[in-house]
Structure formats: structure tokens, C-alpha cells
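Trainee:
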Amino acid sequence: ARDESGKDDDVRLVFEPSSSRIDRNEFVALLLAHTSLETSAPINLVAVGIDGRPCQKALPQLLGEWCTFRIRTVHRRTSHRLQKADERIHILEGRHIVFLNIDEVIRIIRESDDPKAALIARFALSDRQAEDILEIRLRQLARLEGIRIEQELGRLRGEREGLLKLLGSDALLRRQVIREIRADADKYGDARRTVIEAAATASRSEVAAVADEAVTVIISEKGWARVRQGHGLDLSGLAFKDGDRAGSAHECRSVDSLVIVSTEGRAFTVAIASLPDGRGMGAPLSSFVDLGSGRIAHVLTGQPDDEILIAKTSGYGFICTYGDLLSRQKAGKAVVSVEDGASILPPLRLAGMDHLGALSGDGRLLLFPLAQMKRLASGKGVQIIGLHEGESLRAVIATSGPRVAIRGTLRNRPKTLASEDRHLGQRARRGSPVGQLGNVTLDHWPG
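Numbering follows the numbering used here, with no gaps: position 267 of the sequence shown is 274.
#1: Beta-carbon separation of I185 and V306 under 9 Å?
#2: Tell me whether Y323 is buried or exposed, calling it buried when 16 or more other Cβ atoms sit within 10 Å of its Cβ.
#3: Short of 8 Å in beta carbon distance, which residues of its chain neighbour D312, apart from the five on each side in sequence? Order them along the chain.
#4: Any idea what DSSP makes of D284, helix, strand or coil?
#5: In whole angstroms, what separates the C-alpha of E213 from that of L44?
#6: Just the C-alpha distance for L180 and L171, rounded to the nearest angstrom, thanks.
#7: When the distance is taken between beta carbons, is L298 closer than 9 Å to G5?
#8: Does the CB of R9 have a neighbour CB from chain C at under 9 Å?
#9: Let me know the secondary structure DSSP gives Q3 once reduced to three states.
#10: State the start and end residues of the unbroken alpha helix (DSSP H) segment that holds A402.
#11: Can you list the alpha helix (DSSP H) stretches of 4 or more residues lying completely in the region 313 to 395, in chain order?
#12: Using the Cα positions of A178 and H103, report the straight-line distance between them to the nearest angstrom.
#13: Could you pull out every residue in the same chain whose Cβ sits closer than 6 Å to the Cβ of F130, ignoring the five residues on either side in sequence?
#14: Give the secondary structure of H103 by DSSP, where H, G and I count as helix, E and B as strand, and everything else as coil.
#15: What does DSSP give as the partner residues of H82 in its beta bridges?
#16: Hey, how far is the Cα of I490 from the Cα of L66?
#17: Taking its Cβ as the centre, do 16 or more other Cβ atoms sit within 10 Å of L292, making it buried, or is it exposed?
#18: What whole-angstrom Cβ distance do F275 and V262 have, given they're in contact under 8 Å?
#19: Go through its chain and collect everything with a Cβ distance to A92's Cβ below 7 Å, but skip five positions before and after it.
#20: Helix, strand or coil: how does DSSP classify E213 here?
#21: So, under 8 Å CB-CB, I392 and L449 are touching, yes? Tell me the CB distance rounded to an integer number of Å.
#22: May I ask you to report which of helix, strand or coil DSSP gives D120?
#23: Cutting at 6 Å between CB atoms, please list the residues of its own chain near L366, excluding the five before and the five after it.
#24: Counting C-beta neighbours from all protein chains within 10 Å, is the total for F106 16 or more, i.e. buried, or is it exposed?
#25: State yes or no: is the C-beta of H395 within less than 9 Å of the C-beta of L377?
#26: Give the DSSP bridge partners of V202, in chain order.
#27: Please state whether DSSP places K194 in a helix, a strand or coil.
#28: Which word fits R189, buried or exposed, when buried means at least 16 other C-beta atoms lie within 10 angstroms of its C-beta?
#29: Can you give me the Cβ contacts of A349 inside the same chain, cut-off strictly under 7 Å, excluding the 5 residues immediately before and after it?
#30: Locate the alpha helix (DSSP H) running through F34, then write down its first and last residues.
#31: Hey, could you find the ends of the beta strand (DSSP E) E258 is sitting in?
#32: In or out: P354 buried (at least 16 other Cβ within 10 Å) or exposed?
#33: Do you know whose CA, among V345, S294, V202, lies nearest H41's CA?
#34: Touching or not, the region 333 to 347 and the region 425 to 439, by the rule of three or more beta carbon pairs under 8 Å?
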């Protein structure tokens, strides 16, 4: 890559592939997908609307309100101009009467004790016209001024007719607004430096095929990802950015895809081959997808046919396949309907499992056959455990058999109990208490 920016081109970056055999379109797609040549940025459009109240608005709504504001502004301005034109026409009509009857007007002013009332009575003038005539200088009633009065009257009457047409036609008013916007653009606008045109977002699936090999995806607590070759790696010596540390590691294949589940219930797909290698600190997963206002909740890998349990703290959940979570869109797709105040629990793999354990926040355990769970591609799901208002689902575990290990503390000492027959039941039941243990977690029963 080289920078050829200069006086002829403000910005000119040249990228040359290492081999001439690389397809140009694939090379461009690779650059757009892995660099900031193509980027997106979320914006929070909060504005005071035409109703005078501040609130968050979508871009079409904001533009629509601005157009309404412009139309109302031009309407008010036109109405104000029409009022001023009418007032001026009224004054000039009075002066024109005086000009045509100048001798009689002078006589009335000289002889009358109340010239204002006399002028109003003689020429049917208004109070405002009579006041103007009495204040006018005689030289303003000369022949030349009379011609100017007639010319101004003609011009104002023509303008008044145009203003009335503008106020009487919504189409004419809109065309006037458009003309003014275009005039402002011509006067104040400058030449565009980029082109606005419809184009699909560059997909990381468009990159060239990669070798199928065993890799480990390393995710930090703050969502930075990198890939190292091989499985069973010793990751204890990995370095992370200041304030960050190891989060999770996923053993998979280089041709697989990684799924991100957001706090809003959307699922995003990132090709493993598109992630940076392990020589650096990696890259934030948020730079590979468009999370919108959501945040990363969970990250998982798998094969399209793998069965996954999705559960929420609201006590609802469903079974889907890993393939149901995959998406070609950078903005992902809606998979889980998340209720207000609820969050998504870590997804569970169900291979070889036949029972599900659910632990409520108040320490009740329910075990039931996995066959009672519903299989969905997306949605709210079905009730896993019965909860009263204010209660929540703390944890779920998939087991091969109707027994789980209940781990917790008793008198500040760790203690492990086995689930009992009383914990077995049907889906959506409330379950039974686990006893006096504190800090309860669920684990697989040994053997």
C-alpha cells in the first residue's frame, strides 16, 4: 500500500495485491471487509421536534419534520409579506385619491376645523389613510410622485396576487420551498468528495477460500478476538490490553463461523478466517458487525446442525440449531425476543443430553426431559420454570440423566448435594427448594 495523495488528488491510496492472479473484485471486498475503508457508525438523533419536545427520532422522521418546518416557515413568511403588501397598497390607494383630487384636498385642509373627519367623509378614506394624507409633504403629491405611486401600486398588486396564489396552493408552496433549498445549495454548497450510490455491504464471506485447519479463537472479556492455530493450546502466557483479560477460548476449524448474540437478542455471524491472527492483541468483535444499540452478550462456535438451548432470565427459552443463528447480514438477524428487564443466559449445547435443569433466583430447582422443550428458529420461546412476579431464572444446565450436582456453601464451607426425585417434574412447574445452601450453582453429576 502507498499514499499518492497530493495537489492533484486530496486523497489517493493505492493497494497492490502480492499476486496478479488475485481477482480484483475479491481483493476490493477483502479490503472493505477488513479495513476502515468501509465503516458504519451508530448515531443517536435526539432533537427538539416541531411539537417543541426533545426526543429520539429516526432519520426519516427527522427529515420529515424538517420539511414540515420549512413549509410552515415559508407559509408564515409569505403571510407576513402579504400583510405588509396589503398595508402599503391601502396607504398608496389613499395617496392616489389625493393625487387625483389635490385642489379639493388642499381646500378642505385649509378651511375645515377637523380636516381628518372631513377627508374621511368626502373621499370615503380610512382613519389610517387620512392620517397619512395629513402627514404627507406637498412635494410628494407632485406629478412625478403620482406616476411613482401608480407604478408601485401596480407592482404591489401583482405581488399580492402571486402571494395569494402561493398561500392557496400546497403544491406551489412546496415548489417554492424546493427552489429555495436548491438556491441555498448552489450558493453555499461545495462539490461532493464522495459518491452516494446504492451498494451492498461488503461481506466477509466474499473473501477467497482458506485452508481447513484446527484453530482456537480467543475472546477477551472486553470482546477482542484473535485466532491461533491448533487445539489444546496453553493460553496462560497471552498478553492483553491494559484493563482487559482472558475471557473464553473456542476450539473450531478455520472454515467455521463464529456467532455473536447481542443483549437485544440479535445474532451476528463472523467468519473465523476474517479474524486477525494471534500475533497481536486482536480486533474488537464489534468492528466486524453492526451491533446498533446492543452489546455483546455471548459468543459461540459450532456446526449448523448442532442443537442449542437459548434461555432468558424471564424463565422462557427454546431449542434451535446453530444454523438458525447464522446470518449473512452485517446487522445480523433477530433471534430472541428479550422482555424488558430480562437478559439472555449463556447458550447450552445439547449433544448427548436428555434432561434440563433450571435454577430460580430464590433457590428452586426443576429437572424435566428436554423433549418437553419447543424447537423454534426464533421467538420468545416457552416457559421453562414457573416464576412469580419479581423472580428470575438464574441458571440452566443440560444433562444426560435426571440428576445434577448442586454446589454451594453451608456455614461458609463448600458443599455439594445431589438433586432428588422431588426436583423432577414437568416443564413450567415451580420446582423444589435446594435446601439451605448459599451461592448455589449447578454442575454435572459425576459418572
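The beta-carbon is built from N, C-alpha and C at its ideal position, and this holds for glycine as well. As the structure is a computational prediction, the values presented were derived from the model and not from experiment.
Mentor: Put simply:
#1: No, the pair does not count as a contact, with Cβ atoms beyond the cut-off.
#2: So Y323 counts as buried.
#3: Around D312, the same chain offers T328, Y329, G330 as residues with beta carbons nearer than 8 Å, after the five sequence neighbours per side are excluded.
#4: It is a strand residue.
#5: In this predicted model, E213 has a pLDDT of only 49, less than 50, meaning its place in the structure is not dependable enough to derive any value.
#6: Separation of L180 and L171 (C-alpha to C-alpha, rounded to the nearest whole angstrom) is 11 Å.
#7: Since the first and last residues shown for the chain are 8 and 454, residue 5 lies out of range.
#8: Protein chains in the displayed structure number just one, and chain C is not present.
#9: Outside the displayed range of the chain (8 to 454) lies residue 3, so it cannot be described from this structure.
#10: A402 -> not in any alpha helix (DSSP H); beta strand (DSSP E) instead, spanning 400 to 406.
#11: Here the runs fully enclosed are 329 to 332.
#12: Roughly 36 Å separates the two Cα atoms.
#13: Answer for F130: I104, listed in chain order.
#14: Helix, per DSSP.
#15: Under DSSP, H82 shares a beta bridge with no residue.
#16: A question about residue 490 goes unanswered here, because the residues of the chain that appear run from 8 up to 454.
#17: Classification of L292: buried, given that the 10 Å Cβ count is 16 or more.
#18: Going by Cβ atoms, the distance from F275 to V262 rounds to 18 Å, so no, they are not a contact pair.
#19: Around A92: L163, E166, R167, L170.
#20: The predicted position of E213 is uncertain, since its pLDDT is 49 and thus under 50; no value can be drawn from it.
#21: Actually they are not in contact, since the Cβ atoms of I392 and L449 sit about 13 Å apart, beyond 8 Å.
#22: DSSP, read as helix, strand or coil, puts D120 in coil.
#23: Excluding five sequence positions before and after L366, the CB atoms of its chain that fall closer than 6 Å to its own CB belong to L372, R401, A402, L449, given in chain order.
#24: Around the beta carbon of F106, 16 or more other beta carbons sit within 10 angstroms, so the residue counts as buried.
#25: No; because the gap between Cβ atoms is not below 9 Å, this pair is not in contact.
#26: Beta-bridge pairing links V202 to no other residue.
#27: It is helical.
#28: R189 is exposed by the Cβ-count criterion.
#29: K319, T320, S321, listed in sequence order.
#30: The continuous alpha helix (DSSP H) containing F34 extends over residues 31 to 41.
#31: If you look at E258, you'll find it in the beta strand (DSSP E) that goes 253 to 260.
#32: Under this definition P354 is a buried residue.
#33: Ranked by how close their Cα comes to the Cα of H41, the residues V345, S294, V202 have S294 in first place.
#34: Judged by Cβ distances under 8 Å, the region 333 to 347 makes no contact with the region 425 to 439, as fewer than three pairs qualify.
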